[in-house]
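Q: Numbering of the sequence shown is given in this note's numbering, commencing with residue 31 and proceeding in unit increments. In this text, a Cβ means the ideal position worked out from N, Cα and C, and glycines have one as well. The structure that follows is given in the form of structure tokens.
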Amino acid sequence: MFELIPSGTITSAKGFLAGAIHAGIKTKDKLDLAILYSEIPCIAVGFFTTNRIKSAPVILSQRHLLRRQVQAIVVNSGCANACLGEQGIADASEMASLTARKLAIKAEDVLVASTGITGIPLPMDRIRYGIKETELNEDGGHDFTKAIMTTDTRPKEIAVRVDVEGSKFIIAGVAKGAGMIHPNLATMLCFIATDALINAGFLQSSLQDAVDTSFNMISIDGDTSPSDCAFLLANGLAGNKIISFGNGGAFQEALDEVCTYLAKSIARDGEGATKLIEVTVEGAIKQAEARQAVRTIVSSPLVKAAIHGNDPNWGRIVAALGRSGIELIEGKLDVYLNDTCVMKQGCSAPFNKEEMKIALSNSDSVIIKVCLNLGEGTAAAWGCDLSEEYVRINSAYST
């Protein structure tokens, strides 16, 4: 149904150009300003932070998305443009206007995103320079991805080609995020581009479904930011038969794959992380309860710390499960660490703890599976271990 495009990025989709520059917002010549542009206007949808404190770019982009027509995104890293009152709104608006003037489009057709330290004004002289000097091309996707990074240690990007009865289109996405990550749109930016011709209502529904099973199911540290957003732009240049609710299965499957890959990449790259944690719950009374359970377990500091220490302490897993508020019967619980059963029918199962510790220490990922054995509800969530390095990074972040 779909295939991964080697070295794919946001500009793999037809008609999208991107570029990035070191404008001087961050130090050490790091790329810190980027622009994504579609050669024609796009249908656009998006989701934003659930934090009641919202950055100026979030407020502005929410307004611009009401029209559902977008042709460009401008992003900066190093400064979040949050908690700055009217000046923040004015600066975000100027970023949109400058980008629109550069590209000969309407300011309302530009989305704005910023990430970085809160409460510090944008250095607008550097922003103006960066927007003016950024060069856009079909190969600019990788630099675009690098420019949106903050404490990320690696770029996060993917593109897939979908073939439905000979009709082909591409979905491509990039993301940033490594800290302040928690379910319900964590501290992250995500930009997805597709050349598919698609119904606007279905596009909104598809992104909602994809976000619910990916970005809303990751947790690094339990915090969320005022700057979170996920945008999906569709320009229709693939020329496929229009996709809508009656024939959108392949599109949804591919979009789910793109979002899940990016979400897991964020979780794996958590600040100070050494291990990816995947939690699955099976046999819940309903899916909503399975989701509640996995999110509670993957967010538990004690579970994260145990995994970091290669400690097969399954008691912390069931303690988190027990406080999740879901329906369960203790005598029916089975728990697995990777492929090893550590709890069977509510009681400790025999396993070699020393061998388990060695296995955990030799792996960069851990799978926790909980079987409730009550119903058909299933869910998965992703996170990472909690290390001393996380504390070091965040104790010195703004200094």
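1. What is the DSSP secondary structure of Ser-37, counted as helix, strand or coil?
2. Grouping DSSP H, G and I as helix and E and B as strand, with all else coil, what is Arg-321?
3. Are the CB atoms of Lys-176 and Ala-50 nearer to each other than 8 Å?
4. Only counting the same chain, and skipping five residues up and downstream in sequence, which positions put a Cβ closer than 8 Å to that of Lys-198?
5. Give me the Cα-Cα distance between Ser-378 and Leu-367, rounded to the nearest whole angstrom.
6. So what's Ser-378 in DSSP terms, helix, strand or just coil?
7. Span of the beta strand (DSSP E) holding Thr-408?
8. Enumerated in chain order, which unbroken segments of the alpha helix (DSSP H) with a length of 4 residues or greater are wholly contained in the segment 132-183?
9. Could you check the C-alpha separation between Gly-118 and Val-105 for me, to the nearest Å?
10. Taking contact to mean at least 3 C-beta pairs separated by less than 8 Å, is the segment 378-389 in contact with the segment 330-345?
11. Please go through the same chain and pick out, in chain order, the residues whose beta-carbon is closer than 7 Å to the beta-carbon of Ile-272, but skip the five residues on each side of it.
12. Quickly, what does DSSP pair Leu-63 with across the bridge? List them, please.
13. Let me know the secondary structure DSSP gives Leu-390 once reduced to three states.
14. Give the secondary structure of Thr-243 by DSSP, where H, G and I count as helix, E and B as strand, and everything else as coil.
15. Give the C-beta separation of Leu-202 and Ala-43 to the nearest angstrom, bearing in mind that I take them to be a contact with Cβ-Cβ under 8 Å.
16. Report, in whole angstroms, the separation of the C-beta atoms of Gly-28 and Leu-404, which I expect to be a contact under 8 Å.
17. My output table needs one value for Asp-121: the three-state DSSP class, helix, strand or coil.
18. Taking the alpha-carbon positions, what's the Phe-275 to Met-31 distance?
19. Taking only the alpha-carbon atoms, compute the straight-line gap between Glu-357 and Glu-319 and give it to the nearest angstrom.
20. In terms of DSSP beta bridges, what is Ala-349 paired with?
21. For Glu-367, name the three-state secondary structure that DSSP assigns.
22. Output the boundary residues of the alpha helix (DSSP H) element that contains Ile-337.
23. Buried or exposed for Asp-369, going by 16 or more other Cβ atoms inside 10 Å?
24. Could you pull out every residue in the same chain whose Cβ sits closer than 8 Å to the Cβ of Asp-121, ignoring the five residues on either side in sequence?
25. Spatial neighbours of Thr-310 within its chain, please: C-beta separation below 6 Å, excluding the five flanking residues on both sides.
26. Quick one: using the 10 Å Cβ neighbour count with 16 as the cut-off for buried, is Arg-184 buried or exposed?
27. Sorted by chain position, which residues of the same chain lie with C-beta nearer than 7 Å to Lys-56's C-beta, five sequence neighbours on each side aside?
28. Which residue or residues does DSSP assign as beta-bridge partners of Asp-225?
29. Work out the CA separation of Lys-387 and Thr-41 for me, nearest whole Å.
30. Within a Cβ cutoff of 7 Å, which residues of the same chain sit near Ala-350, ignoring the five residues on either side of it in sequence?
31. Which residue wins for smallest C-alpha separation from Met-247, given the options Arg-97, Ile-423, Asp-299, Cys-289?
32. Whole angstroms are fine: how far does the CA of Gly-170 sit from the CA of Phe-307?
33. For Leu-34, does the count of other Cβ atoms within 10 angstroms reach 16, so buried, or fall short, so exposed?
34. Which class does Ser-127 belong to by DSSP, given the choice of helix, strand or coil?
35. Once you ignore the five residues that flank Cys-401 on each side, which residues in its own chain have a CB closer than 6 Å to its CB?
36. CB-CB under 6 Å to Ile-397, same chain, minus the five flanking residues each way: which ones, in chain order?
A: In short:
1. The three-state secondary structure of Ser-37, taken from DSSP, is coil.
2. The answer is helix: DSSP assigns Arg-321 an H, G or I state.
3. Cβ distance < 8 Å, so Lys-176 and Ala-50 count as in contact.
4. Same-chain partners within the cutoff: Arg-191, Val-192, Ala-268, Asn-270.
5. Ser-378 and Leu-367: Cα-Cα distance of roughly 13 Å.
6. Residue state, collapsed to three classes: strand.
7. Annotation for Thr-408: the continuous beta strand (DSSP E) segment containing it runs 407-414.
8. Listed in chain order, they are 154-163, 171-177.
9. If you take the alpha carbons of Gly-118 and Val-105, they lie about 14 Å apart.
10. At 8 Å Cβ cutoff, the stretches touch.
11. Within the same chain, Ile-272 has close Cβ partners Leu-227, Ile-228, Asn-229.
12. Ile-51, Asn-106.
13. Of the three classes helix, strand and coil, the one that applies to Leu-390 here is helix, per DSSP.
14. Here Thr-243 sits in coil by DSSP.
15. Note on residue identity: the sequence assigns Ala, not Leu, to residue 202. The C-beta distance from Ala-202 to Ala-43 rounds to 5 Å, short enough to meet the 8 Å contact threshold.
16. The question about residue 28 has no answer here: the residues shown for the chain are numbered 31 through 429.
17. DSSP places Asp-121 in the helix class (H, G or I) of the three-state scheme.
18. Spanning the alpha carbons of Phe-275 and Met-31 requires a straight line of approximately 18 Å.
19. A direct Cα-Cα distance of roughly 8 Å separates Glu-357 from Glu-319.
20. Per DSSP, Ala-349 has no beta bridge partner at all.
21. Reading off the sequence, residue 367 comes out as Leu, not Glu. In the structure shown, Leu-367 sits in a strand (DSSP, three-state: E or B).
22. Where Ile-337 is concerned, the enclosing alpha helix (DSSP H) stretches over 331-338.
23. Here Asp-369 is exposed: its Cβ has fewer than 16 other Cβ atoms, across all protein chains shown, within 10 Å.
24. So the list reads Ala-86, Asn-111, Leu-114, Pro-151, Leu-152, Met-154, Ile-157, once near-sequence residues are dropped.
25. Around Thr-310: Lys-399, Ala-410.
26. With a threshold of 16 other beta carbon atoms within 10 Å, Arg-184 falls short and is exposed.
27. Asp-62, Ser-107, Gly-108.
28. DSSP, once it has assigned bridges, lists no residue as partnering Asp-225.
29. Spanning the two alpha carbons is a distance of roughly 43 Å.
30. So the qualifying residues of the chain are Thr-326, Ile-327, Ser-330, Val-333.
31. It is Cys-289.
32. It is worth fixing the name first, because residue 307 is Ile in this sequence and not Phe. If you draw a straight line from the Cα of Ile-307 to the Cα of Gly-170, it is about 32 Å long.
33. Exposed, because fewer than 16 other Cβ atoms sit within 10 Å of the Cβ of Leu-34.
34. If DSSP states are grouped into helix, strand and coil, Ser-127 belongs with the helices.
35. The residues are Glu-312, Gly-313, Asp-364.
36. Shown here for Ile-397: same chain residues with a beta carbon closer than 6 Å to its own, the five before and five after excluded, namely Glu-308, Asn-368 in chain order.
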